[in-house]
Amino acid sequence: MMIASPLLLVSTVFSYNTEKEVEDRNTTVFTGWIDGEIFLKPNRPALVVSSTSWTPDEDFSILLEAALMYDRRVSATLGEDDSMDEGKLWIDIKNGKQFVYPRLLFIITGKGPDRKKYEEQIKRLKLRRVAFRTMWLASEDYPLLLGSADLGVSLHTSSSGLDLPMKVVDMFGCGLPVCAASFSCIDELVKVNNNGLLFSTSSELTDELMMLFKGFPEECDELKSLKVGALNTGSSSKWSTEWERYALPLVNQVRS
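Here the sequence shown stands for residues -15 to -1, 1 to 241, numbered as in mature numbering (1 follows the signal peptide of the UniProt record, and there is no 0).
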């Protein structure tokens, strides 16, 4: 299965794998292996992807605050004891425990000046049910990651109010629904309750994560609906189609 390749790659960066799990290279936190077939575990974490330039143009603290609130709200909802060892919370996944709200793995791709600063902030959060990993991927691996993810997050806001984030276009092109920071023209790209959702605060993003991932991976109808919308957006927004619809008439006008 194509979906397994990047998930196997992602799983190798987890620091909480047990010695036995490291020895068993056919098993990851996302996938299992039976009779030569790779399958997605029904209690796997949800994979959330964001791409950033790590600059002040994107307020990454919104995502960190939302992750912390998700962690705490899930703890309260499930009645989990935060005094237990962190590894125990994650190793329950390997042992087959089901969750109403999944653990979340955020993969953040990109390079930029503020990356180290935010990586240090992530370490201080002491998250139990949420994990962050930062990566720089080859161009051929990036669409594989997007196609394997469950949700994309865009923190881009436009100072001019006119430019749209290409990262969202990339996500839709891979059939990935998006939660995007709200600004004046983003609704031209992200259609609320169709291919994504908008947020203005970390609290709003937390609410969206709780709503979309409740019952994941099978009983999450809202997320599945957005996935269909993202797939439709991606399949309809081909470069050649957009050129013929919008650019070609303007070129013809100039020529005439």
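Glycine is no exception: its CB is placed at the ideal position from the N, C-alpha and C atoms.
Cross-strand partners of residue i (DSSP beta bridge)
| i | result |
| --- | --- |
| Val115 | Leu89 |
| Gly137 | Val34 and Val163 |
| Gly181 | Val163 and Val177 |
| Trp121 | Trp121 pairs with nothing; no bridge assigned. |
| Thr94 | Ser36 and Met120 |
| Glu43 | His141 |
Distance between residue j and residue i (C-alpha atoms, nearest Å)
| i | j | result |
| --- | --- | --- |
| Thr142 | Glu22 | 43 Å |
| Met54 | Phe45 | 15 Å |
| Val7 | Ile171 | With a pLDDT of only 45 at Val7, under 50, the local geometry of the prediction cannot be trusted, and the value read off the model is given with reservation. Taking the straight line from one Cα to the other gives about 43 Å. |
| Val(-3) | Gly158 | No answer about Val(-3) holds up, because its pLDDT of 44 lies below 50 and its placement is not dependable. |
| Leu211 | Asn180 | 5 Å |
| Cys205 | Lys199 | 6 Å |
| Ala123 | Ser38 | 15 Å |
| Ile107 | Ile92 | 13 Å |
| Tyr1 | Phe15 | With a pLDDT of only 44 at Tyr1, under the threshold of 50, the placement of this residue in the model should not be trusted; the figure read from the coordinates follows. Rounded to the nearest angstrom, the two C-alpha atoms are 14 Å apart. |
| Ser167 | Ile19 | 44 Å |
| Leu25 | Glu43 | 33 Å |
| residue 297 | Lys82 | Given that the chain is displayed from residue -15 to residue 241, the structure contains no residue 297 and the question cannot be resolved. |
| Leu190 | Asp56 | 13 Å |
| Asp126 | Ser133 | 11 Å |
| Pro234 | Arg240 | 10 Å |
| Ser169 | Ser139 | 15 Å |
| Ala(-12) | Pro30 | At Ala(-12), the pLDDT of 41 sits below 50, so the modelled position is not reliable; the number obtained from the coordinates is stated separately. Taking the straight line from one Cα to the other gives about 14 Å. |
| Ser145 | Phe117 | 30 Å |
| Leu197 | Val236 | 43 Å |
| Lys101 | Thr119 | 10 Å |
| Asp99 | Thr12 | 34 Å |
| Lys209 | Gly97 | 33 Å |
| residue 242 | Ser60 | No information on residue 242 is available, as it lies outside the stretch -15 to 241 that the chain covers here. |
| Arg58 | Asn217 | 33 Å |
| Gly17 | Gln238 | 57 Å |
| Asp77 | Glu65 | 12 Å |
| Asp192 | Met156 | 21 Å |
| Tyr103 | Phe201 | 28 Å |
| Gly95 | Thr40 | 11 Å |
The alpha helix (DSSP H) enclosing residue i, as first and last residue numbers
| i | result |
| --- | --- |
| Thr62 | Ser46 to Leu63 |
| Ile107 | Arg100 to Leu110 |
| Phe24 | That residue, Phe24, is in no alpha helix (DSSP H); its beta strand (DSSP E) goes Glu22 to Leu25. |
| Gln238 | Leu233 to Arg240 |
| Thr191 | Ser187 to Phe198 |
| Lys152 | Met151 to Gly158 |
Test item: CB-CB of residue i and residue j under 8 Å
| i | j | result |
| --- | --- | --- |
| Tyr86 | Leu63 | yes |
| Leu149 | Cys164 | no |
| Leu112 | Ala52 | yes |
| Ser36 | Leu48 | no |
| Val33 | Leu136 | yes |
| Glu203 | Pro27 | yes |
| Lys176 | Gly219 | no |
| Val153 | Leu174 | yes |
| Glu50 | Ser187 | yes |
Extent of the continuous beta strand (DSSP E) run through residue i
| i | result |
| --- | --- |
| Ala16 | Reading the sequence as shown, one finds Thr at residue 16 and not Ala. Thr16 -> beta strand (DSSP E) spans Thr16 to Ile19. |
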